[in-house]
Amino acid sequence: MVEVAAAKVGVTGKRRVYSVGRYGVALAALLMASAAGVMVGKARLDPGTVLAILLSRLPFTDFTPWWPASFEAILLEVRLPRIVMGGLAGAGLSVAGATYQGLFRNPLADPYLVGVAAGAGLGAALAMAMPLPPGLYSLGVVQLAAFLSALLTVGLVYSLARVGRSTPVTTLLLAGVAVGSLASAATSFVMYSQGDKIPVIYAWMLGGFNITGWQQVTLAAPPVVAAALVLSLLGGVANVLQLDEDQARSLGVNVELVKVVLIVCATLATAAAVARVGLIGFVGLVVPHAVRLLWGPDYRSVIPLSALLGAAFLVTADAAARLLPGPQEVPVGVVTAFCGAPFFLFLLRRQKRSVF
Amino acid sequence: MRSVSACALAVLAILASACSSTQAAPQPQPTVPAVSSPAASTFPMTLTDDAGRKVTLPKEPRRIVSLASSNTEILFALGLGDRVVGVDQYSDFPPAAKEKPQVGSFVKPEMEKILALEPDLVLGTEMHVKTTLPELEKRGLTTMIVTPKGVRAVLEGIKLLGQATGRQKEAETLVGTMGNRIASVEARWKGATPVRTFFELSPELYTAGPGTFVDDMVRAAGGSNVAANAGKEWPQLNQESLFLADPEVILLADHGSAGGQSPQSVAARPGWQQVTAVKTGRIFEIDPNLTNRAGPRVVDGLEMIASRLHHGKP
Numbered sequence: 017m018v019e020v021a022a023a024k025v026g027v028t029g030k031r032r033v034y035s036v037g038r039y040g041v042a043l044a045a046l047l048m049a050s051a052a053g054v055m056v057g058k059a060r061l062d063p064g065t066v067l068a069i070l071l072s073r074l075p076f077t078d079f080t081p082w083w084p085a086s087f088e089a090i091l092l093e094v095r096l097p098r099i100v101m102g103g104l105a106g107a108g109l110s111v112a113g114a115t116y117q118g119l120f121r122n123p124l125a126d127p128y129l130v131g132v133a134a135g136a137g138l139g140a141a142l143a144m145a146m147p148l149p150p151g152l153y154s155l156g157v158v159q160l161a162a163f164l165s166a167l168l169t170v171g172l173v174y175s176l177a178r179v180g181r182s183t184p185v186t187t188l189l190l191a192g193v194a195v196g197s198l199a200s201a202a203t204s205f206v207m208y209s210q211g212d213k214i215p216v217i218y219a220w221m222l223g224g225f226n227i228t229g230w231q232q233v234t235l236a237a238p239p240v241v242a243a244a245l246v247l248s249l250l251g252g253v254a255n256v257l258q259l260d261e262d263q264a265r266s267l268g269v270n271v272e273l274v275k276v277v278l279i280v281c282a283t284l285a286t287a288a289a290v291a292r293v294g295l296i297g298f299v300g301l302v303v304p305h306a307v308r309l310l311w312g313p314d315y316r317s318v319i320p321l322s323a324l325l326g327a328a329f330l331v332t333a334d335a336a337a338r339l340l341p342g343p344q345e346v347p348v349g350v351v352t353a354f355c356g357a358p359f360f361l362f363l364l365r366r367q368k369r370s371v372f
Numbered sequence: 002m003r004s005v006s007a008c009a010l011a012v013l014a015i016l017a018s019a020c021s022s023t024q025a026a027p028q029p030q031p032t033v034p035a036v037s038s039p040a041a042s043t044f045p046m047t048l049t050d051d052a053g054r055k056v057t058l059p060k061e062p063r064r065i066v067s068l069a070s071s072n073t074e075i076l077f078a079l080g081l082g083d084r085v086v087g088v089d090q091y092s093d094f095p096p097a098a099k100e101k102p103q104v105g106s107f108v109k110p111e112m113e114k115i116l117a118l119e120p121d122l123v124l125g126t127e128m129h130v131k132t133t134l135p136e137l138e139k140r141g142l143t144t145m146i147v148t149p150k151g152v153r154a155v156l157e158g159i160k161l162l163g164q165a166t167g168r169q170k171e172a173e174t175l176v177g178t179m180g181n182r183i184a185s186v187e188a189r190w191k192g193a194t195p196v197r198t199f200f201e202l203s204p205e206l207y208t209a210g211p212g213t214f215v216d217d218m219v220r221a222a223g224g225s226n227v228a229a230n231a232g233k234e235w236p237q238l239n240q241e242s243l244f245l246a247d248p249e250v251i252l253l254a255d256h257g258s259a260g261g262q263s264p265q266s267v268a269a270r271p272g273w274q275q276v277t278a279v280k281t282g283r284i285f286e287i288d289p290n291l292t293n294r295a296g297p298r299v300v301d302g303l304e305m306i307a308s309r310l311h312h313g314k315p
C-alpha cells in the first residue's frame with residue numbers, strides 16, 4: 017500500500033529512501049555542530065581545558081583541576097545542557113514542520129500556522145499571571161501550562177475544522193489562524209491587565225536557551241524523542257496523504273485516524289520545544305524544505321532527516337549567537353532567521369524544479 | 002507574533018521610562034536660569050522641559066494630570082497633592098495617589114479621560130513624547146516632559162517641576178535634603194573597590210545595562226554593574242558571561258509573585274553554587290519601586306542599594 021502511494025506521488029523505490037549516505041551526512045552535520053557548540057561561548061575556554069573537564073567526569077580518570085570552578089559550571093551546567101536542548105528543540109520543531117506541511121499539503125504550514133505556538137504562549141502567560149505559590153514555578157508549572165494549552169488549542173482547531181466526518185485542509189488552516197489570533201489576543205490582554213508582571217511574561221516569550229539546565233532537558237527529551245520516532249515511522253502514511261483523500265481511502269488508509277495521530281505527535285513535539293525555549297521561528301519552516309530540496313520529497317526520509325538536520329541547524333545557530341561579542345545574549349531566533357532565509361533562497365535558486 | 006511585538010514594545014517602554022530613558026531623546030537643557038536663584042514665580046512663564054521644548058504656562062497650574070508614578074511622587078512631595086486631578090495606573094505612592102482618578106495605563110493613557118479632567122498641565126515622561134504628547138498638543142493642552150536620566154538628574158527634575166508649579170522653595174528644601182543624602186552615600190564609598198553587582202529583572206537574566214537609572218545608582222552606591230558593558234539598556238545577560246563576571250551581590254527585582262524568585266531559588270540554580278554572591282549568601286530581594294522611579298524616593302533606593310552592597314560594613 018505504502019509503496020503504491022509512493023509510486024503515485026513520484027517517489028521511487030526503497031533503495032534511495034533507506035540509503036545510508038544521507039543519514040550519514042545529516043548525522044555528521046549534527047556531530048560537527050555539537051562539537052563546535054561545546055568549544056565556543058562567551059567564556060573562551062581552550063579546547064584542552066574543555067576536553068580535560070569532560071574527561072575528568074568519566075570514571076577511572078584522575079585530573080587535578082587546573083581550572084577555576086566557574087569553568088566547570090560553565091561547561092557542564094550551562095553549555096552542555098544548552099546544546100542538548102538546542103538539538104531537541106531543533107528536532108522537535110523540524111519534524112513538526114515537516115508533518116504539518118505534509119498533513120495540510122501546504123508548503124507554508126508550520127507550528128505557528130496551526131496555532132500551537134500561540135496556544136503555548138497563552139498557557140505560559142496565564143500561569144505567570146496567576147498568584148500561584150512560588151514553589152510551583154520552580155517545578156515548571158509555566159512550562160506545563162504552555163504544554164497543556166498548546167494541546168487544547170490544537171484540539172479546538174481540529175474540532176472546529178471538522179465538517180461532518182472529514183477535516184478539509186482549508187478549514188483546518190483557517191481555524192488554525194483564527195484560534196491562533198484569539199490566543200495571541202488573550203495573551204496580550206493577560207499581559208495588559210497584569211502590569212507588574214509584563215517584564216516576566218515578556219522575557220519568557222522571547223525565549224532562548226540562556227537558562228537551560230539539565231532539568232529542562234530531561235523534561236523536554238521524552239516527548240520530543242517519542243514524537244520524532246513515531247512520526248518517522250509514519251512517513252509512509254504521510255506519503256499517502258499527498259494523494260487525493262478519496263484515493264487514499266481507496267488504498268485502505270483510515271485518513272481521519274492518521275490525521276489525528278500525526279497532529280497529536282507534531283503538536284507534542286512543538287509544545288515540548290516551545291514550552292522550554294519560547295518562540296523560535298523559521299526552523300520548522302526551513303529545515304523540512306531544505307531536506308526536500310537536498311534529498312527529495314519522500315516523507316519516509318523527510319521526517320527523520322528533518323529531525324537530524326533541524327537539531328544540527330539550531331545547535332549551530334545558537335553557537336553562532338554565542339560567538340557575537342559582549343556579555344549580552346543574542347536571541348537565537350534572530351540568528352535562525354538570518355541564516356535560515358538566505359540558505360533557503362539559495363537552495364531554491366539552485367534547484368528550481370518543483371519539490372512540493 | 003504581531004501582538005507579541007506590540008507587548009514587547011510596551012514592556013520596553015515601561016522599563017525604559019520607569020528606570021531611566023533612551024538615548025534617542027534630546028539632552029535635557031541646563032534647565033532654567035531661575036533655578037540657581039530661586040525667585041518668586043511669575044506667570045505667565047516659559048520653561049524648557051526635559052524634551053527640549055519651550056513650554057509656556059499662562060498661570061500657576063491648579064489641575065495637574067500626571068502620566069508617570071515618578072512625577073506623581075514629586076508633586077506630592079512638593080505639597081501639591083490636592084492639585085493632582087488624575088494619575089496613571091502605576092501611581093501608587095504616597096497612598097493618597099491611589100485615590101486619584103486614573104487616566105489609564107502609563108504606556109497608553111486614555112485621551113478622553115484626560116480631557117474630561119480639564120487639566121491645565123499634563124506631565125509626561127520621555128515615554129510619552131512620540132505617542133501621547135502630539136495628541137495632547139493637538140487638543141490645546143499644556144504639556145511638560147520631566148524625565149530625569151540619573152540619580153542627580155532627579156534633583157534637576159524636582160527643581161524644574163517646582164518652578165513650573167510655583168513651589169521653588171519647597172523644591173529647594175527637598176533637593177537640599179536629597180542632595181546631602183546622595184553626597185554622603187557617594188562620599189562614603191568613593192575610592193573603595195567597587196562591589197560587583199548583578200541586578201536581576203527576570204529569571205531569564207534580563208538586567209539593567211549602561212545608561213539606565215539602576216546602572217547609575219549602583220555606581221553611586223559603590224558598586225559596579227556586571228552588565229555595564231552590555232551595549233544596550235535592557236540586555237539579557239549571557240549566563241556564561243555572568244559566571245565569568247562573578248557578582249559579589251545579586252539584587253532581585255523579580256522576587257515574590259512577580260517572578261517567583263528568592264535567594265533560596267537563586268542559590269538552587271544549577272551551576273550557581275560557585276558564584277561569590279551565592280557562596281557568601283549576599284542575594285537580596287529589593288523593592289523595584291525604589292530603584293525604578295525617578296522621584297524623591299530615589300535616595301531611599303540609593304541608601305538601600307548601598308546597604309546591600311556593603312553588607313556588614315558601617
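In order, the protein sequences belong to chains A and B. Under the working numbering, the first residue of the first sequence is numbered 17, with each subsequent residue one higher. Under the working numbering, the first residue of the second sequence is numbered 2, with each subsequent residue one higher. The C-beta atom is built at its ideal place from N, Cα and C for all residues, glycine as well.
Bridge partner(s) assigned by DSSP for residue i
{"i": "glycine 237 of chain B", "result": "Residue identity check: residue 237 of chain B is glutamine in the sequence provided, not glycine. DSSP lists B:Tyr207 as partners of glutamine 237 of chain B."}
{"i": "glutamine 262 of chain B", "result": "B:His256"}
{"i": "isoleucine 284 of chain B", "result": "B:Ile251"}
{"i": "glutamate 201 of chain B", "result": "B:Thr208, B:Leu253"}
{"i": "glutamine 275 of chain B", "result": "In the DSSP output, where bridge partners are listed per residue, glutamine 275 of chain B has none listed."}
{"i": "lysine 55 of chain B", "result": "B:Thr49"}
Which of helix, strand or coil DSSP assigns to residue i
{"i": "glutamine 210 of chain A", "result": "coil"}
{"i": "glycine 224 of chain B", "result": "strand"}
{"i": "leucine 253 of chain B", "result": "strand"}
{"i": "leucine 330 of chain A", "result": "helix"}
{"i": "alanine 11 of chain B", "result": "Confidence is the limiting factor: at alanine 11 of chain B the pLDDT is only 42, short of 50, which leaves the residue's position unreliable, though a coordinate-based value still follows. Of the three classes helix, strand and coil, the one that applies to alanine 11 of chain B here is helix, per DSSP."}
{"i": "phenylalanine 205 of chain A", "result": "helix"}
{"i": "glutamine 258 of chain A", "result": "coil"}
{"i": "threonine 169 of chain A", "result": "helix"}
{"i": "valine 196 of chain B", "result": "strand"}
{"i": "aspartate 60 of chain B", "result": "Looking at the sequence provided, one finds lysine at residue 60 of chain B rather than aspartate. Residue state, collapsed to three classes: coil."}
{"i": "threonine 16 of chain A", "result": "This structure cannot speak to residue 16 of chain A, because chain A is shown only from 17 to 372."}
{"i": "threonine 213 of chain B", "result": "coil"}
{"i": "leucine 1 of chain B", "result": "Missing from the structure shown is residue 1 of chain B; chain B here goes from 2 to 315 and no further."}
{"i": "valine 346 of chain A", "result": "coil"}
{"i": "valine 253 of chain A", "result": "helix"}
{"i": "valine 269 of chain A", "result": "coil"}
{"i": "serine 35 of chain A", "result": "coil"}
{"i": "asparagine 226 of chain A", "result": "coil"}
{"i": "threonine 80 of chain A", "result": "coil"}
{"i": "proline 297 of chain B", "result": "coil"}
{"i": "phenylalanine 163 of chain A", "result": "helix"}
Chain A residues whose Cβ lies nearer than 7 Å to that of residue i
{"i": "aspartate 255 of chain B", "result": "Val216"}
Per-residue contacts from residue i into chain A (C-beta, under 9 Å)
{"i": "alanine 246 of chain B", "result": "Pro343"}
{"i": "glutamine 275 of chain B", "result": "Pro84, Ala85, Ser86, Glu88, Ala89"}
{"i": "lysine 233 of chain B", "result": "Gly342, Gln344"}
Inter-residue CB distance, residue i and residue j (contact presumed, cutoff 8 Å)
{"i": "valine 193 of chain A", "j": "leucine 176 of chain A", "result": "The pair is not a contact, with the Cβ atoms about 11 Å apart (cut-off 8 Å)."}
{"i": "alanine 85 of chain A", "j": "leucine 295 of chain A", "result": "With 8 Å as the limit, alanine 85 of chain A and leucine 295 of chain A do not qualify as a contact, their Cβ atoms being about 34 Å apart."}
{"i": "serine 70 of chain B", "j": "aspartate 51 of chain B", "result": "About 16 Å; that fails the 8 Å criterion."}
{"i": "leucine 137 of chain B", "j": "threonine 144 of chain B", "result": "5 Å"}
{"i": "alanine 162 of chain A", "j": "valine 206 of chain A", "result": "Actually they do not touch by this definition, with Cβ atoms about 13 Å apart."}
{"i": "leucine 48 of chain B", "j": "alanine 165 of chain B", "result": "6 Å"}
Chain-ordered chain B contacts of residue i [CB-CB under 9 Å]
{"i": "asparagine 226 of chain A", "result": "Glu205, Leu206, Gln237, Leu238, Asn239, Gln240"}
Amino acids of chain A, ordered along the chain, whose beta-carbon sits closer than 8 Å to that of residue i
{"i": "glutamine 169 of chain B", "result": "The premise fails here: glutamine 169 of chain B is roughly 34 Å from chain A at the closest Cβ pair, so nothing lies under 8 Å."}
{"i": "asparagine 230 of chain B", "result": "Gly342, Pro343"}
{"i": "glycine 272 of chain B", "result": "Ala89, Ile90, Leu92, Glu93, Val94, Gly229"}
Within chain B, partners of residue i - CB distance below 8 Å
{"i": "arginine 95 of chain A", "result": "Glu241"}
Amino acids of chain B, ordered along the chain, whose beta-carbon sits closer than 7 Å to that of residue i
{"i": "alanine 5 of chain A", "result": "Nothing can be reported for residue 5 of chain A: it is not among the residues displayed for chain A, which extend from 17 to 372."}
{"i": "glycine 57 of chain A", "result": "Glu241"}
Residue i beta carbon near the ligand NAP (any heavy atom closer than 6 Å)
{"i": "arginine 265 of chain A", "result": "Judged by which ligands are present, the structure shown has none, so any question about the ligand NAP falls away."}
Which runs of the beta strand (DSSP E) at least 3 residues long sit entirely within the stretch 66 to 149 of chain B? Give them in chain order. 85 to 88, 122 to 125, 144 to 146
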